[in-house]
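Below is one structure, written out as structure tokens, with a few remarks after it.
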Amino acid sequence: MTLPHGAVETPVFMPVGTAASVKAVPQHLLEALDAQIILGNTYHLYLRPGHELIRSLGGLHRFMSWPRAILTDSGGFQVFSLNELRKVTQDGVQFRSHLDGSSHFFSPEHSMDVQIALGSDIAVAFDECTEYPADRARARHSLDTTLRWAARSKQHFDAHKHERPWDSTFEGATPSLFGIVQGGMYTDLRRECAARLVEMDFPGYAIGGLSVGEPRELTREIIAETLPHLPADKPRYVMGVGYPDEIAEYARMGVDMMDCVLPTRAARHGLLFTSEGRLNIKNKKFANDQGPPDPACGCMVCARYSRAYLRHLITAQEPLAAVLNTLHNLAFYLDTMRRVRAEIEDASPAK
RNA sequence: GCACAGGUGGCCGAGCGGUUAAUGGCAGCAGACUGUAAAUCUGCCGCUCCUUGGAGCUACGGAGGUUCGAAUCCUCCCCUGUGCA
Numbered sequence: 024m025t026l027p028h029g030a031v032e033t034p035v036f037m038p039v040g041t042a043a044s045v046k047a048v049p050q051h052l053l054e055a056l057d058a059q060i061i062l063g064n065t066y067h068l069y070l071r072p073g074h075e076l077i078r079s080l081g082g083l084h085r086f087m088s089w090p091r092a093i094l095t096d097s098g099g100f101q102v103f104s105l106n107e108l109r110k111v112t113q114d115g116v117q118f119r120s121h122l123d124g125s126s127h128f129f130s131p132e133h134s135m136d137v138q139i140a141l142g143s144d145i146a147v148a149f150d151e152c153t154e155y156p157a158d159r160a161r162a163r164h165s166l167d168t169t170l171r172w173a174a175r176s177k178q179h180f181d182a183h184k185h186e187r188p189w190d191s192t193f194e195g196a197t198p199s200l201f202g203i204v205q206g207g208m209y210t211d212l213r214r215e216c217a218a219r220l221v222e223m224d225f226p227g228y229a230i231g232g233l234s235v236g237e238p239r240e241l242t243r244e245i246i247a248e249t250l251p252h253l254p255a256d257k258p259r260y261v262m263g264v265g266y267p268d269e270i271a272e273y274a275r276m277g278v279d280m281m282d283c284v285l286p287t288r289a290a291r292h293g294l295l296f297t298s299e300g301r302l303n304i305k306n307k308k309f310a311n312d313q314g315p316p317d318p319a320c321g322c323m324v325c326a327r328y329s330r331a332y333l334r335h336l337i338t339a340q341e342p343l344a345a346v347l348n349t350l351h352n353l354a355f356y357l358d359t360m361r362r363v364r365a366e367i368e369d370a371s372p373a374k
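In structure tokens:
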């Protein structure tokens with residue numbers, strides 16, 4: 024996949040950097056981990072520090088000193104998760120800032136303006152994420168809204184995408200906008216939504232509305248049922264997943280892109296993902312453990328620090344705990360994807 | 001030595017006659033976490049038993065006392081802090 028800020032090998036896992044920062048990890052270490060693309064968030068950056076400020080500073084890449092690719096989420100998920108502070112209308116969403124309670128309005132056009140101002144490589148249509156559980160009527164309604172907004176997002180994005188804050192690009196690639204499939208847990212609605220988005224001809228497609236509380240078999244089923252209705256020659260992105268075994272599984276099913284806060288958030292809470300399974304590094308049993316977090320991991324953390332030390336850091340509430348734990352979890356996720364890519368390459372007779 | 005103020009579960013600290021194994025916080029132990037309102041949230045946290053829910057025991061500096069009933073009231077003692085000698 025060729026983006027304005029470089030080529031990205033797929034399937035890829037994208038660390039989440041909501042507020043212009045993958046929490047606890049400086050950009051130069053993200054590069055050392057070989058993260059190829061990260062997420063930024065429209066809603067958060069619009070509120071603080073403000074997309075116009077970022078535009079005037081040369082765009083998000085320059086602002087945060089991240090030379091590689093960035094995908095920005097549209098704010099649709101925040102509208103969903105901030106449900107007590109929002110009001111959805113045909114035209115867009117009225118919501119209150121979680122920071123200071125001030126009122127704001129987001130429309131598909133506005134979301135595109137913000138994402139363009141940020142200068143993202145991949146923008147995402149402003150959607151209405153369907154909650155779980157949702158009855159059919161509710162899913163239908165949210166799907167219709169999402170489709171209407173997808174068309175408006177695309178029209179506005181295409182008309183203004185050249186207004187980005189940077190101009191030189193990698194191999195002439197231009198910013199792209201992905202459509203998002205909704206439809207709740209109803210496979211026929213998913214199919215319909217996919218088909219109608221494909222008619223609009225997006226350069227890539229996201230499957231949204233998953234990992235919102237549904238059982239994981241359902242997540243898998245919806246992905247499996249939706250994927251075949253999206254063109255295989257374009258990037259297919261499942262938003263907000265998952266555990267290490269899940270992302271590997273989905274990648275094998277044909278998903279090209281995934282993002283998830285799990286490795287970063289869990290790390291800050293002391294949960295490490297390893298080849299031996301989940302490790303709650305806060306547990307007393309690690310107090311005396313001189314071994315690396317994951318004996319099978321070659322990351323910069325495992326190469327150098329012990330479980331005992333990591334447990335001490337988080338117990339003592341040292342900020343370094345978050346840094347080291349996050350570095351390891353991201354390394355593990357990125358490694359997982361690297362292995363799946365190798366598998367896929369081996370299996371492909373063409374290459 | 002005198003005068004005040006105090007001594008509560010590992011620590012800090014509420015409670016000031018019954019509904020109190022005793023509010024909170026910290027520490028401790030465990031769990032959760034999926035397009036980040038998350039360095040967050042939840043549970044347990046005197047001891048011993050039956051593994052829901054309970055049962056018993058021991059507890060508010062010490063010893064007595066008042067009372068149907070005391071961490072809470074009274075007496076004496078011990079200890080700590082501050083002030084004055």
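24 is the number of the first residue of the first sequence in my numbering; add one for each residue after it.
Note that the Cβ used here is the ideal one computed from N, Cα and C, for glycine as well.
Computed from a predicted model, the values in this text were never measured in an experiment.
Practice problem: Over the uninterrupted alpha helix (DSSP H) stretch that includes G99, give me the two end residues. | Solution: Note, G99: alpha helix (DSSP H), G99 to S104.
Exercise. Measure from the alpha carbon of F296 to the alpha carbon of each residue in D358, P258 and V235, then state which is nearest.
Key: Looking only at D358, P258 and V235, the smallest Cα-Cα distance to F296 is reached by D358.
Quiz prompt | Local conformation of L200 per DSSP, three classes | solution = Looking at L200 - three-state DSSP - the assignment turns out to be strand.
Self-check item: Cβ pair count under 8 Å reaching 3, the stretch 118-135 against the stretch 159-170
Solution: Below 8 Å, too few C-beta pairs join the stretch 118-135 and the stretch 159-170 to call them touching: fewer than three.
Quiz item: Span of the alpha helix (DSSP H) holding M223?
Solution: Note, M223: alpha helix (DSSP H), T210 to M223.
Quiz item: Where are the beta strand (DSSP E) runs, 3 residues long or more, that stay fully inside the stretch 32-83, in chain order?
Solution: If we require 3 residues or more, the beta strand (DSSP E) runs fully inside the stretch 32-83 come out as 35-38 and 60-64.
Quiz item: By DSSP, does K374 sit in helix, in strand, or in coil?
Solution: Because the pLDDT of K374 is 47, which lies under 50, any placement of that residue in the model is unreliable, and the number read from its coordinates should be weighed accordingly. Coil at K374, not helix or strand.
Practice problem: Go ahead and pull the three-state DSSP assignment for F118. | Solution: The answer is strand: DSSP assigns F118 an E or B state.
Exercise. Could you tell me if P372 is buried or exposed, where buried requires 16 or more neighbouring beta carbons within 10 angstroms of its beta carbon?
Key: Per the 10 Å Cβ criterion, exposed.
Quiz item: Opposite C283 in the DSSP bridges: which residues?
Solution: In DSSP, C283 forms a bridge with P38.
Quiz item: For S176, is the classification buried or exposed, using 16 other Cβ atoms within 10 angstroms of its Cβ as the cut-off for buried?
Solution: The residue is buried, with at least 16 neighbouring Cβ atoms inside 10 Å.
Quiz item: Of all the options A182, H67, R259 and Y155, which has the alpha carbon lying nearest to the alpha carbon of L220?
Solution: Closest in alpha carbon position to L220, among A182, H67, R259 and Y155, is R259.
Quiz item: For E247 versus F201, is the C-beta distance shorter than 9 Å?
Solution: Glu is not the amino acid found at residue 247; the sequence shown has Ala there. The answer is no: Cβ separation not under 9 Å.
Practice problem: Starting from the Cα of K184, find the closest Cα among S134, L212, A229 and R159 and give me that residue. | Solution: Out of S134, L212, A229 and R159, S134 has the C-alpha closest to the C-alpha of K184.
Quiz item: Name the DSSP bridge partner or partners of T297?
Solution: Answer by DSSP bridge pairing, in chain order: G300.
Quiz prompt | In DSSP terms, what T95 is bridged to | solution = T95 is bridged to G63.
Exercise. Pair every Cβ in the stretch 235-249 with every Cβ in the stretch 282-291, then say whether three or more of these pairs are closer than 8 Å.
Key: A contact is defined here as three or more CB-CB pairs under 8 Å, and the stretch 235-249 fails this definition with respect to the stretch 282-291.
Quiz item: According to the Cβ coordinates, are G207 and T242 closer than 9 Å?
Solution: Cβ atoms of G207 and T242: not closer than 9 Å.
Exercise. Quick one: grab the DSSP three-state call for T25.
Key: Strand at T25.
Quiz item: So which of S120, I93, E132 and V116 has the shortest CA-CA distance to D144?
Solution: Of S120, I93, E132 and V116, the residue nearest in Cα terms is I93.
Quiz item: Out of F118, R161 and M280, which has the shortest C-alpha to C-alpha gap to L70?
Solution: That would be F118, whose Cα lies nearest to the Cα of L70.
Quiz item: Name the DSSP bridge partner or partners of F129?
Solution: In the DSSP output, where bridge partners are listed per residue, F129 has V116.
Quiz prompt | Which residues DSSP lists as bridging P109, in chain order | solution = Reading off the sequence, residue 109 comes out as Arg, not Pro. In the DSSP output, where bridge partners are listed per residue, R109 has F118.
Exercise. For the alpha helix (DSSP H) containing R243, list its first residue and its last residue.
Key: Segment R239 to T249, the alpha helix (DSSP H) holding R243.
Quiz item: Is the CB-CB distance between V324 and N348 below 9 Å?
Solution: Closer than 9 Å, so yes.
Exercise. Please look up how many angstroms separate the CB atoms of C322 and A271, rounded, as I've assumed it's under 8 Å.
Key: About 17 Å separates the two Cβ atoms, so there is no contact after all.
Exercise. Compute the Euclidean distance between the alpha carbons of H164 and V235, then round it to the nearest angstrom.
Key: Answer to the nearest angstrom: the Cα atoms are 18 Å apart.
Practice problem: Answer with buried or exposed for A146, where buried requires no fewer than 16 other C-beta atoms within 10 angstroms of its C-beta. | Solution: With 16 or more Cβ atoms within 10 Å of its Cβ, A146 is classed as buried.
Quiz item: My guess is that L294 and M262 are in contact by the Cβ rule of under 8 Å, so how many angstroms apart are they, rounded?
Solution: That belief does not hold up - the Cβ atoms of L294 and M262 are roughly 21 Å apart, past 8 Å.
Quiz item: Bridge partners of V261, per DSSP?
Solution: V261 has I230 and M281 as its beta-bridge partners, per DSSP.
Quiz item: What residue from G277, L333 and K305 has the CA that sits closest to E6's CA?
Solution: Because residue 6 is not part of the residues shown, which for the chain are 24 to 374, the question remains open.
Quiz item: Can you give the Cα-Cα distance for P131 and G98, rounded to whole angstroms?
Solution: So the alpha carbons of these two residues sit roughly 10 Å apart.
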